[in-house]
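In what follows, a single structure is set out as structure tokens and then discussed.
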Amino acid sequence: MGAEQSSVDLRDYDVECQLPSYIKRVDSSFILAMHNGSYYPCIIIRPALIINGGYTVYFFHIQGENEVPANGIIGNLSCLKNCEVSYTDEKGNKCIGRIIGTNQNHRSMIDQPLNFFIQNNDRCEWVSFPYIYLTKTQAKVICC
Numbered sequence: 010m011g012a013e014q015s016s017v018d019l020r021d022y023d024v025e026c027q028l029p030s031y032i033k034r035v036d037s038s039f040i041l042a043m044h045n046g047s048y049y050p051c052i053i054i055r056p057a058l059i060i061n062g063g064y065t066v067y068f069f070h071i072q073g074e075n076e077v078p079a080n081g082i083i084g085n086l087s088c089l090k091n092c093e094v095s096y097t098d099e100k101g102n103k104c105i106g107r108i109i110g111t112n113q114n115h116r117s118m119i120d121q122p123l124n125f126f127i128q129n130n131d132r133c134e135w136v137s138f139p140y141i142y143l144t145k146t147q148a149k150v151i152c153c
């Protein structure tokens, strides 16, 4: 039971729509970075000014920038496959599920998975990158 991968409309265009207008080109890495105890989706903007060796990132969930240390990021989004993640569904509910597939936006120049097919109990759904996040416990399981 649940949604089939081929019959679901992908929400990946949300990734580019949520970027502020001053970010003209998306040629940087999409990552998960630590913020307030969890790993949230963001994009690297530039090297950090204050944190040595860190990055200034744009967090989608707060729609703002923050500096993060290099050791506080998860950069290989492909390693999330078969892992348990937290996410916000289309109704705004907080959910937990396992990533069973990934997909990229073929209209984009970004060479990373930006859509995640997540199984949550008896249903499956596509979730776009800005809507997933990891708790500290979930992040400890991932080896990337």
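Taking the working numbering, I'd label the letters of the sequence shown as residues 10 to 153.
Just so you know, even glycine gets a beta-carbon here, dropped at the ideal spot from N, CA and C.
Quick one: is residue i buried, meaning 16 or more other Cβ sit within 10 Å of its Cβ, or exposed?
i	result
Ile71	exposed
Lys149	exposed
Asn91	exposed
Gly62	exposed
Asn124	buried
Met10	Low per-residue confidence applies at Met10: pLDDT is 40, beneath 50, and the placement is therefore not dependable, though the value from the model is reported in the following sentence. When all chains shown are included, Met10 counts as exposed.
Ser137	buried
Does the distance from the CB of residue i to the CB of residue j come in under 9 angstroms?
i	j	result
Gly110	Val94	no
Pro122	Leu89	yes
Gln147	Tyr67	no
Ile40	Gly84	yes
Gly8	Lys145	No answer is possible for residue 8: the residues shown for the chain start at 10 and end at 153.
Ile141	Trp135	no
Who are the Cβ neighbours of residue i in its own chain at under 7 angstroms, not counting the five residues just before and after it?
i	result
Ile59	Glu76
Ala42	Tyr48, Tyr49, Cys51, Val66, Val77, Gly81 and Ile82
His44	Phe68 and Asn75
Terminal residues of the continuous beta strand (DSSP E) containing residue i?
i	result
Ala42	Phe39 to His44
Asn130	Asn130 -> no beta strand (DSSP E), and no H or E assigned at all.
Leu143	Ile141 to Thr144
Ile52	Ser47 to Pro56
Ignore the nearest five residues each way along the sequence and tell me which others in residue i's own chain have a CB closer than 6 angstroms to its CB.
i	result
Cys104	Tyr96, Asp98 and Asn129
Ala57	Gly63, Tyr64, Thr65 and Glu76
Asn112	Asn124
Just to confirm my understanding: we take residue i, look at its own chain, exclude 5 residues before and 5 after, and list those with CB closer than 8 angstroms. What are they?
i	result
Ser38	Ile52, Ile53, Gly84 and Gln121
- prompt: What are the uninterrupted segments assigned as alpha helix (DSSP H) that are 4 or more residues long and contained completely in the segment 68–113, given in chain order?
  reply: none
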